[in-house]
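Enquirer:
In my numbering, the protein residues as written are 5 to 66.
Quick look at the structure:
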């Protein structure tokens with residue numbers, strides 16, 4: 005949903021070969037569920053504190 009490149013490049017090949025596809029974190033680790041709001045912060049032990057998508061700029065809080 006967030007990064008759709010597999011739909012264009014990988015999925016057609018997998019379908020042709022009869023191979024399944026299991027998306028990793030299809031709801032964006034909470035971002036696409038509405039659980040993350042402007043100003044949401046993550047603890048140092050939460051990997052999202054290191055991922056640019058979840059930084060202040062990425063969540064619209066900057």
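Glycine included, every Cβ here is placed at the ideal spot set by N, Cα and C.
Hey, could you find the ends of the alpha helix (DSSP H) residue 21 is sitting in?
Expert: Within the chain shown, numbered from 1, the residue matching residue 21 stands at position 17. Where residue 21 is concerned, the enclosing alpha helix (DSSP H) stretches over 15-21.
Enquirer: Return the chain-ordered list of same chain residues with a C-beta closer than 7 Å to the C-beta of residue 34, the five sequence neighbours on each side being excluded.
Expert: As a first step, residue 34 must be located in the chain shown, where it is residue number 30. So the qualifying residues of the chain are 40.
Enquirer: Return yes when the Cβ of residue 25 is within less than 8 Å of the Cβ of residue 36, no when it is not.
Expert: Start at 1 with the first residue of the chain shown, and residue 36 comes out as number 32. Start at 1 with the first residue of the chain shown, and residue 25 comes out as number 21. Taking 8 Å as the Cβ cut-off, residue 36 and residue 25 do not qualify as a contacting pair.
Enquirer: Taking residue 9 as the reference, which of 27, 22, 23, 21 has the closest Cα?
Expert: As a first step, residue 9 must be located in the chain shown, where it is residue number 5. That would be 27, whose Cα lies nearest to the Cα of residue 9.
Enquirer: Within 10 Å of its beta-carbon, does residue 51 have 16 or more other beta-carbons around it, so buried, or fewer, so exposed?
Expert: In the chain shown, counting from the first residue as 1, residue 51 sits at position 47. Exposed.
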